[in-house]
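Note sheet for the following structure.
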Amino acid sequence: MAGFSQHVPNFVDMAMVAHPSVTVLIDLSEGDGLLYGAGGRHGHGSFVVGLAPGGLRAAGRVGACLQIRLEPVVAAAVLGPSAALGGRVESFEDVWGRGAAAALDALRAAGSWDERFALAADLVRRRAADRPPVDPEVAHTWRTTFGSRGRVRVEALADEVGWSRKRLSARFHAQLGITPKRAARLVRFDRAAHLLAAGLAPAAVAVEGGYADQSHLHREVKAFTGLTPTAVAGAPWLAIDDVAWPGSSPARPPGSAGAARRRMAPHGRAWNRGRTAGADAP
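In terms of UniProt numbering, the sequence shown is numbered consecutively and its last residue is 282.
If you want it as structure tokens, here you go:
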């Protein structure tokens, strides 16, 4: 989890780059707050971002928001089998269902970020305990794909779990909302996007990320974002990852544009595995 706050709630407009997690954004501000849109769908307030959305943007005069990233396997247990949303974005109320309004009110009323993180963690744990987990074979496939940075073949994963490729793809898609092949592409893209944001040249990123060549990288970046690798390298959404999520992103070269944005950002809070740490976040 990460808490984002602005001392002066200016209007922001940001393209959100696809991430290999289901993202929950809780709007803690007064009034209309967050506006969001993707794939021709629009809304305002708190929302849930499925895996690999197309053209997602968030905007508005936002004083504070809480962002929760859920591993897809966990998201399926917390939010139900449709949690990955097939790459869509939906309102938090629609995805969470009964009790959504009470949960939002409690998070807004919390007196500190630490209290808010603890409350959100408890909400997630209780939801997960009440719902069946995904198939162990599906969980293994996702975690192996993520651990290999998307550089494992679906046939090999099917052999590992003892299923046919067809059965694995069908069960994986039914429970996580994405095919194993697209999941591998998403994980590879995420690694490449963060390497680009860290200042590596596209040619080097193509080699490091496991792409056939720089043209292959360009096509994949364009498919996931509609942007060129150069534009993705400067995306604000990626520029804050190394501070909002300590240790999750490649280090930025000193003096890079991303480092400058980081130094100027207002203060927020980050939570990971039961610990809190200071974080700069817009």
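Glycine included, C-beta positions come from ideal geometry on N, C-alpha and C.
Measuring alpha carbon to alpha carbon, tell me which of the options ends up nearest residue i.
i: Glu115; options: Met1, Ala204 and Trp237; result: Met1
i: Gln214; options: Ala174, Phe189, Ala235 and Gly234; result: Phe189
i: His173; options: Ser46, Trp142 and Ala231; result: Trp142
i: Pro20; options: Val207, Thr179, Arg219 and Pro132; result: Thr179
i: Ala170; options: Val89, Ala101, Asp135 and Val207; result: Asp135
i: residue 291; options: Glu90, His44 and Leu66; result: With the chain represented from 1 up to 282, any question about residue 291 goes unanswered, as that position is not in the structure.
i: Leu176; options: Met14, Leu51 and Pro229; result: Leu51
i: Ala118; options: Pro81, Ala103, Val154 and His216; result: Ala103
i: Ala18; options: Arg127, Ser46 and Leu56; result: Leu56
Hey, how far is the Cα of residue i from the Cα of residue j?
i: Leu28; j: Gly209; result: 37 angstroms
i: Asp105; j: Val22; result: 22 angstroms
i: His140; j: Gly97; result: 28 angstroms
i: Met14; j: Gly162; result: 43 angstroms
i: Ala231; j: Ala244; result: 21 angstroms
i: Ala184; j: Arg149; result: 7 angstroms
i: Val78; j: Arg127; result: 5 angstroms
For residue i, which three-state DSSP category applies?
i: Asp114; result: helix
i: Ser5; result: strand
i: Leu186; result: helix
i: Gly147; result: helix
i: His194; result: helix
i: Ala58; result: strand
Where do the N-terminal and C-terminal ends of the alpha helix (DSSP H) with residue i fall, by residue?
i: Ala64; result: Premise fails: Ala64 lies in the beta strand (DSSP E), Ala64 to Leu70, not in any alpha helix (DSSP H).
i: Ser169; result: Arg165 to Leu176
i: Gly215; result: Note that residue 215 corresponds to Ser in the displayed sequence, not to Gly. Here the alpha helix (DSSP H) through Ser215 covers Gln214 to Thr225.
i: Val161; result: Val154 to Val161
Answer with buried or exposed for residue i, where buried requires no fewer than 16 other C-beta atoms within 10 angstroms of its C-beta.
i: Asp122; result: exposed
i: Thr145; result: buried
i: Asp159; result: exposed
i: Ser112; result: exposed
i: Ala204; result: exposed
i: His42; result: exposed
i: Ser164; result: exposed
Just curious, the beta strand (DSSP E) that residue i is in, first and last residue?
i: Val89; result: Val89 to Ser91
i: Arg41; result: Arg41 to His44
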